[in-house]
Amino acid sequence: GAGVSQSPRYKVAKRGQDVALRCDPISGHVSLFWYQQALGQGPEFLTYFQNEAQLDKSGLPSDRFFAERPEGSVSTLKIQRTQQEDSAVYLCASSLVRQSNTGELFFGEGSRLTVL
Amino acid sequence: AQTVTQSQPEMSVQEAETVTLSCTYDTSESNYYLFWYKQPPSRQMILVIRQEAYKQQNATENRFSVNFQKAAKSFSLKISDSQLGDTAMYFCAFMFPNFGNEKLTFGTGTRLTIIP
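Sequence lines, in order, name chains A and B.
For the first sequence, this note's numbering assigns the number 383 to the initial residue and increments by one for each residue that follows.
For the second sequence, this note's numbering assigns the number 829 to the initial residue and increments by one for each residue that follows.
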């Protein structure tokens, strides 16, 4: 596609529910990142994929958070047993790995999760 | 670990004026990249300007320029001839190059409002 696409744009969940957030990166982009942006804060790194391999998941806040990218394109971030502190915007970004020296990430518009 | 600090939560300026946004960072690395990203209300992060630490010359992109002071670990953004479309959150970000894993560390952002 022309840009990074994320869905849903808005999600309201009751505490304890599971949610799944989808990211469709730019076609051909090898690297994919998930960031969490709390209200009034900068984005914080969650996890990184190179193709289907999850090479860095050091930012995932708990074992309730799980991400996958089984075929090296679309990625899903799953949050189990959601808590109120999970309320945030979840941003997905992609890049061409061979442009790692540029550091330019292409971001989606994010999925805003509200946990009641 | 790297940290990025933006000490100006909000700024406003009249249209056509010049504004400077501040950013400081802390790292023990000598080779790295610094970025300014813009996040309008649509939430999509857009790269504004990029600076490689090994380059002494300050980066410029049309109306946007940076003042990079490596010894002081300072990286400010100057916007000249500001326009209404510049209204957005601006995030300073740091990246240590790790081939393929362009993990960004963001500051907390500065909300910039351009007044007509």
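Every residue gets a Cβ at the ideal spot worked out from N, C-alpha and C, and that includes glycine.
- What residues match up with Met917/B in a beta bridge as DSSP calls it? DSSP, once it has assigned bridges, lists Gln867/B and Arg939/B as partnering Met917/B.
- Of the residues Ser870/B, Phe863/B and Met873/B, which one's Cα is nearest the Cα of Glu889/B? With distances taken between CA atoms, Glu889/B lies nearest to Phe863/B out of Ser870/B, Phe863/B and Met873/B.
- Message: Assuming Ile461/A and Val401/A are in contact, meaning their beta carbons sit under 8 Å apart, how far apart are those beta carbons, in whole angstroms?
- Response: About 5 Å separates the beta carbon of Ile461/A from that of Val401/A, a gap short enough to meet the 8 Å contact definition.
- Message: For Gln884/B, tell me which candidate among Gln872/B, Met873/B and Tyr861/B has the shortest Cα-Cα distance.
- Response: Per the C-alpha coordinates, the member of Gln872/B, Met873/B and Tyr861/B positioned closest to Gln884/B is Tyr861/B.
- Item | chain A contacts from the segment 837-858 of chain B (Cβ-Cβ distance under 9 Å) | Flagged, chain order: Pro837.
- Please go through the same chain and pick out, in chain order, the residues whose beta-carbon is closer than 6 Å to the beta-carbon of Lys866/B, but skip the five residues on each side of it. Cβ within range, chain order: Ile874, Val876, Ala916 and Tyr918.
- Query: Does the beta carbon of Asn895/B sit closer than 8 Å to a beta carbon anywhere in chain A?
  - Reply: So, not an interface residue.
- Would you decide whether Glu857/B is buried or exposed? Buried here means 16 or more other CB atoms lie within 10 Å of its CB. Counting other Cβ atoms within 10 Å of its Cβ, Glu857/B stays below 16 and is therefore classed as exposed.
- Message: What would DSSP say about Leu442/A, mapped onto helix, strand or coil?
- Response: Leu442/A falls in the coil class under three-state DSSP.
- Query: If we ignore side chains and look at the alpha-carbon of each, how far apart do Phe934/B and Ser893/B end up?
  - Reply: The alpha-carbon atoms of Phe934/B and Ser893/B are separated by roughly 19 Å.
- Query: Cα separation between Leu442/A and Phe448/A?
  - Reply: Taking the straight line joining both Cα atoms gives about 8 Å.
- Residue environment, Lys931/B, which counts as buried when at least 16 other CB atoms sit within 10 Å: Classification of Lys931/B: buried, given that the 10 Å Cβ count is 16 or more.
- For Thr846/B versus Ser904/B, is the C-beta distance shorter than 8 Å? It is not a contact, given that the beta carbons lie outside the stated cut-off.
- Query: Got a sec: is the Cβ-Cβ distance from Leu428/A to anything in chain B below 8 Å?
  - Reply: No, Leu428/A lies away from the interface with chain B (no Cβ there is under 8 Å from its Cβ).
- Task: Give a yes or no on whether 8 Å exceeds the smallest Cβ distance from Glu486/A to chain B.
- Result: Yes, Glu486/A counts as interfacial toward chain B.
- Message: Taking the straight line between their C-alpha atoms, what separation do you get for Gln465/A and Arg397/A?
- Response: Pairing Gln465/A with Arg397/A, the inter-Cα distance amounts to about 5 Å.
- Secondary structure of Leu403/A, DSSP reduced to three states: Reduced to three states, the DSSP call for Leu403/A is strand.
- Exposed unless 16 or more other CB atoms sit within 10 angstroms - verdict on Tyr472/A: The residue in question, Tyr472/A, is buried, as its Cβ has 16 or more Cβ neighbours within 10 Å.
- Message: Using a 10 Å radius around the Cβ and a threshold of 16 neighbouring Cβ atoms, would you call Gly937/B buried or exposed?
- Response: By the neighbour-count rule (16 or more Cβ atoms within 10 Å), Gly937/B is buried.
- Item | 8 Å Cβ cut-off: residues of chain A touching Asn929/B | For Asn929/B, the C-beta contacts it makes with chain A under 8 Å involve Ser413, Tyr430, Gln432, Leu437, Asp438 and Ser482, in order along the chain.
- C-beta neighbour in chain B for Gly454/A, strict 8 Å: Interface flag for Gly454/A against chain B is unset, since no Cβ pair is found closer than 8 Å.
- Item | Counted within 10 angstroms of its Cβ, other Cβ atoms place Ala384/A as buried (16 or more) or exposed | Ala384/A counts as exposed, since fewer than 16 other C-beta atoms from the protein chains shown sit within 10 angstroms of its C-beta.
- Beta-carbon proximity of Gln432/A to Ser413/A, cut-off 8 Å: Cβ atoms of Gln432/A and Ser413/A: closer than 8 Å.
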